[in-house]
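Residue numbers (this note's numbering), protein chains in the order written: chain A, 179 to 1212; chain B, 2 to 497.
Structure record follows, encoded as structure tokens.
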């Protein structure tokens, strides 16, 4: 009924009694939106004199009784009025008042017309991410916008992402600044419910980010949550939900038991040792540890309900949501749950005063397993564990001897469950223990409760002036409950008494922003200015404790409060040193006739992280633009609009610890004197001081062009150069200096790149449309200067021997892979003897046929540590994303593709130090004789040539991949059908995640956010199939 | 106009909103700044304790346990552990497959220079500390010099040549250092100890046991002279001063020397104090924060189950040679555990198992720490200088310097009489041989054997079969990481 009554009322109120109808035969027509061609309901159709005839219905259809050719005026809220000649079957196309280029973007302390933006700002809107089965907010940005690289840390439920805007600007923290509804958020934005998001803006260049000055160096991500929409006064209730199952999409090839025994025999024989396995075939296929560790059909579930309403006086948006995900590794040991609630309101309390607030509460719980470590991740163990050892030891003979028994008695702390006693390998040692047993030896449930609130008041002062004050808080409680039962996994991994731990943290941040804005037209000159002051302070506290030997081996009952063993109780706790930042800032946007554009920003920041000498930093920026298509001489049909932009700005990074500039006295340098071991406290400086520590600065130049090609195509192109100055490094001091080095502002880094976005959007009819969008980014990172005279910083190490496998070095990309270059395999002893230096000396005298030939990189006639060199780059040259959206009748389809090109992955999954660890399946193609392999060396238990025990390009693989991140097929029920059950727009869909991954990488997953390109057994991302629906009701 | 007034008001509000000066000043919580420190005798004393603290570090760059690794390097023990890959630095020192990247050198290097830095810092600060007495300044200065000499003597014996640093370095000086010769280093050791001796107490009270004494400094200097094969008469005199001081006596029963009850006992001239009370776990391993003697854990029998002892990791299994060499010596039963003949005891043989284990520092159930990670919290003190060592040094120095052989034999026989061994009556080189033999028997597994072999030029002969190469393995290689970090300021030891 509403659809019929409302237009009638509107017409009555607006234009008085309808007249002059029913004169001629009815003419039918429709009103649609330009571009999308979606129907426009409630459009008012009147005669030229203003007499209202009718209004369009929900399908945009209307019927008028006028003669053909009569001039009709069509108007609808939010669209430009249009006059058309009446005709049979006429289609009236209305142009939105806020067309693509007149959309508004949030720029920090204000908004700006998109068409007049001079910086590099990307925007992701709710409609782009709706119903995409997003697990967390950062995913909304993955592959969506050029220059923003989002890499999921792993597939572990609740795992975060690495977000890099235009490359990595610092070795000290390159995470962007997150601002949610005006509140600077600490600790990431995983507390947000993806369904609550209205827009996400990414301030990519310094000209935009300078408004957040001191902390804008890594880019700024501004999230705006939803508010009540429309002026209809009706309450809208939406429900959306999905349910999915997840599975691993790949297993890594490893040796089965027969192959393992065969190759172990070969290794022993090559080393002149006795053969350990007389009959390898007797072992059959053995245990598939990956199958044992993976959790099949792990469920994921999301449900979300929101209500919103809006009127002239105010609006609200309220939502509750719940998300649950089980991981694909280790049933019951890896999972995540997020419960969210939100209330956003605005109220016009006076004709000049608007107040509002946004409040969000989030409760998370998660359980996670170790990942990406060679020292005990379930998948790392699954790859290295020998396949002969069974999951459970059932052989009574084996159970009656070592290591299961001591003095003929079964060890009390063997790991067991309803399946029996977990087997202990007597072949592989160290941390490579039975992965299933190990999973039972640690339970840790992490939790957090977070409240983010902002209240503001906006006063229109008249004359173009307005003032705004806003107060935000970010309050987070988080902690964990852990329990380690007593266990015996092998001779070096056991615990005789259980351990229960608990931790509790509180972090509180407040910020107070006061701004004055001024907007005024002077003829064709338009000025938009804002000036303000901002202050923020953060503090926190923490406490935790542990107790040993509680009288239970059940996590659910393990608690510190058991009365016994009080002497084993440990407590720790403390407070954070306050972090405070104070800022003054101003911005002027100027344009002349929307043609010539300029923005100037100046911000001054002071951070408590620096000493009084260098506390304040100043961050200016300027950018200009030119809307060429607004010029009178512009007449191109090919290019319908064109804007060019240029800007340069400076932003800062105060990534430093509290009092990092000072040498503090550390305790714990204790010694006990006297007969009774009387402990004396000892103190000494923790490091050498650096009173000159100050801001890192990033200067960024940006050049861009935004073009629309005809009606349907657009391209946005940006070129940039980011230079990081005063980058903090901690030079490696020789140990003879005797204390740790301080950090100092000496480093330089550079990122150069190109961001390109292009799209094609076309509607063929109200129910038939296609939208294709893509983006490509190229970035080249170089560490220019580190300031320590050796020119590099040691990076990651691998294995118990600590092989150096990455470095940060001048002239090379950050965190590059470091090691020896191999040049094939010596095929025979003549090859070995013939590999000589200029003096004729053998370069590898210890090598034999089948060993790697290492390259004498520095040409000094010897193979030694100095020959280690660049062997790969973890940062991709190119990242890309592409989305295809299509609508056809009630059906819609989305395919979202994303990937990277030009990076490498260091495959550090094998325990090279344990000769009995299982091998990758590629070992079957090893060198076994002349001509057999030039890629994989011989296997031997006595690896004198260090084929495997050296970091080399043998471990480096191509990391490029392209992945169908999302493929979705949806169906929207006909409105009539939905209305029968009291629903409005209702859509059901199937969504597939990670359906297809194209990559040459041999490991579990090429997407490795956690670990900077080094795969030590990461938690792979799941392939997920889900079905869902969304509906709204009145 | 109204609007302008309003806007001025708003601008004024912004100014008012600006924060006070203290808003950005951070007060340290739970810690102190170096610039406000060293302001009273208590703080100076804590700084001195931090110099002592480094003595017991044994967790630098892996397991860097001086006495145990020196024993492994000698002919008295093998590397051991679970398998050949368990502790590569032990294996490399045992079979002399040392390379600049492989071996225990990085841990020793780092540990000793941390100690030297703290000693240098203390010596720079102590004169300006308000409220101190002369006596306090003199004694603590002497202790810091004693400790600096101790660290340098270890560096000298381990590496031969190292940089000689006697003050805290400014950034401009980091790469100006050069390698000093062993003679230059020893000259500093000698100067520090000679300066320390007069200001050190002859004895310390019950609550101060473990702090440096005159006897410790004199014996340490004598040890240095013997190692450098110089000033033998001075060495003899220093040892005799210690002997005649009347402070020390031999513990009547040899078996009691290494009991926990006999820590800082009558025979103890200098001892590194460990404690089972710091309750740390693996998370601090490598930081030097622990207070326990992890060497005890390492030399214990693997998976041991039975009476008296606690389980260990099977490192440094005693060699058959030492076991055989001690045949007929009453000290063998108190030096070597025969793992296979413990009634009711079982263990898992590890790598290079001989069935023989270190007894002097064996993990014993009675000493198992109740808190923290037990492996890292053994309280067994390391007997660095025992009175019997002083007697044997005195005997050797006398014999070498042309002093009274009768007196020398007397000192030697004091040591033998305690363990009911027949007196030695030889002279000349036979006497020196007898003293050397006695040192091996008396001091076995205490970390002296390797240095004794090196300083008497017997290392190649005795250890050649293990892989020892003369003019190379007397010293460890300079750690590759340190060579890299020093940017050319250091040179590698010969033949590495």
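All C-beta atoms, glycine included, are put in the ideal place defined by N, C-alpha and C.
These numbers come from a predicted model, not from an experiment.
Alpha carbon to alpha carbon, what distance is there between residue 335 (chain B) and residue 495 (chain B)?
One C-alpha to the other measures close to 39 Å.
Where does residue 357 (chain B) sit, in a helix, a strand or coil, going by DSSP?
Strand.
Would you report the Cα separation of residue 517 (chain B) and residue 1037 (chain A), rounded to the nearest angstrom?
Since the first residue shown for chain B is 2 and the last is 497, residue 517 (chain B) is missing from the structure and cannot be characterised.
Check distances from the C-beta atoms of the region 45–59 of chain B to those of chain A and list, in chain order, the residues that come in under 9 Å.
Cβ contacts with chain A: 46, 47, 48, 49, 50, 51, 52, 53, 54, 55, 56, 57.
Note down the Cα distance separating residue 453 (chain B) from residue 447 (chain B), rounded to an integer number of angstroms.
Cα to Cα, the separation comes out at about 12 Å.
Along chain A, which residues have their Cβ under 8 Å away from the Cβ of residue 263 (chain B)?
Ordered by position in chain A, no residue passes the 8 Å Cβ test against residue 263 (chain B), which lies about 10 Å from the chain.
Touching or not, the region 756–767 of chain A and the region 840–851 of chain A, by the rule of three or more beta carbon pairs under 8 Å?
Verdict: no, contact absent.
Going along the chain, which residues of the region 353–375 of chain B sit with their C-beta nearer than 8 Å to a C-beta in chain A?
Cβ contacts with chain A come from 371, 372.
Would you say residue 104 (chain B) lies against chain A (beta-carbon separation less than 8 Å)?
By this cut-off, residue 104 (chain B) is not an interface position.
I need the straight-line Cα distance from residue 504 (chain A) to residue 422 (chain A), nearest angstrom please.
Computed Cα separation, rounded: 10 Å.
Have a look at residue 359 (chain B) and residue 256 (chain B) and give me their C-alpha separation to the nearest angstrom.
Each residue's Cα considered, the two are about 13 Å apart.
Restricting to Cα atoms, I'd like to know which of A:519, A:800, A:662 is closest to residue 623 (chain A).
Answer by Cα proximity: A:662.
Could you round the C-beta distance between residue 301 (chain B) and residue 375 (chain B) to whole angstroms and report it? I think they count as a contact, below 8 Å.
Contact flag wrong, Cβ pair sits at about 11 Å.
How would you label residue 206 (chain B), buried or exposed, when you count the other beta carbons within 10 angstroms and need 16 or more for buried?
Result: exposed.
In terms of residues, what are the limits of the beta strand (DSSP E) holding residue 265 (chain B)?
Premise fails: residue 265 (chain B) is in no beta strand (DSSP E) and is neither H nor E.
Straight-line CA distance for residue 436 (chain B) to residue 397 (chain B)?
Distance between the alpha carbons of residue 436 (chain B) and residue 397 (chain B) is about 7 Å.
Would residue 119 (chain A) pass as a contact of residue 1053 (chain A) if the rule is Cβ separation under 8 Å?
Chain A is shown from 179 up to 1212; residue 119 (chain A) falls before or after that span and cannot be answered.
If you draw a straight line from the alpha carbon of residue 398 (chain A) to that of residue 286 (chain A), how long is it in whole angstroms?
Between residue 398 (chain A) and residue 286 (chain A), the C-alpha separation is close to 9 Å.
Measure the alpha-carbon distance for residue 198 (chain A) versus residue 241 (chain A) and round it to whole angstroms.
Unreliable placement is indicated for residue 198 (chain A), whose pLDDT of 39 sits below 50; the coordinate value is still reported in the next sentence. In a straight line, the C-alpha of residue 198 (chain A) is about 14 Å away from that of residue 241 (chain A).
Under a three-way DSSP split, which group does residue 1072 (chain A) fall into?
Strand at residue 1072 (chain A).
Apply the 10 Å Cβ neighbour rule to residue 214 (chain B) and answer buried if 16 or more other Cβ atoms are within range, or exposed otherwise.
Buried is the call here.
Please report how far the alpha carbon of residue 311 (chain B) lies from the alpha carbon of residue 167 (chain B), in whole angstroms.
Distance between the alpha carbons of residue 311 (chain B) and residue 167 (chain B): 43 Å.
Keeping to the same chain, check which residues put their C-beta closer than 8 Å to that of residue 680 (chain A); ignore five residues upstream and five downstream.
Answer for residue 680 (chain A): 657, 658, 659, 660, 722, 723, 724, 737, 738, listed in chain order.
How close, in whole Å, do the beta carbons of residue 969 (chain A) and residue 331 (chain A) come, if the pair is a contact with beta carbons under 8 Å?
Incorrect: roughly 30 Å between the Cβ atoms, too far for contact.
Skipping 5 residues on each side, what residues in its chain have a beta carbon closer than 8 Å to that of residue 446 (chain A)?
Cβ within range, chain order: 452, 453, 454, 1119.
Let me check understanding here. Comparing Cα to Cα, which of A:1179, A:1171, A:665, A:582 lies closest to residue 313 (chain A)?
Closest by alpha carbon: A:1171.
Excluding the five sequence neighbours on either side, which residues of its own chain have a C-beta within less than 8 Å of the C-beta of residue 417 (chain B), listed in chain order?
Same-chain partners within the cutoff: 423, 424, 425, 439.
The region 860–893 of chain A: which residues have C-beta closer than 7 Å to a C-beta of chain B, in chain order?
Answer in chain order: 860, 861, 862, 863, 867.
Helix, strand or coil for residue 1136 (chain A)? Go by DSSP, reduced to three states.
DSSP places residue 1136 (chain A) in strand when its eight states are reduced to three.
What's the C-alpha gap between residue 197 (chain B) and residue 908 (chain A)?
Distance between the alpha carbons of residue 197 (chain B) and residue 908 (chain A) is about 37 Å.
Considering only C-alpha positions, which residue in the set A:522, A:368, A:350 is nearest to residue 356 (chain A)?
That would be A:368, whose Cα lies nearest to the Cα of residue 356 (chain A).
Taking only beta-carbon positions, decide if residue 1077 (chain A) is within less than 8 Å of chain B.
No, residue 1077 (chain A) lies away from the interface with chain B (no Cβ there is under 8 Å from its Cβ).
Would you please verify whether the beta carbon of residue 302 (chain B) is less than 8 Å from any beta carbon of chain A?
Answer no: the Cβ-Cβ gap between residue 302 (chain B) and chain A never drops below 8 Å.
Can you give the Cα-Cα distance for residue 698 (chain A) and residue 818 (chain A), rounded to whole angstroms?
Each residue's Cα considered, the two are about 29 Å apart.
With three or more beta-carbon pairs closer than 8 Å as the criterion, would you say the region 95–103 of chain B touches the region 137–147 of chain B?
No contact exists between the region 95–103 of chain B and the region 137–147 of chain B.
What in chain A is Cβ-close to residue 213 (chain B), meaning under 8 Å?
Going along chain A, no residue has its Cβ under 8 Å from residue 213 (chain B), so there is no contact; the nearest lies around 11 Å.
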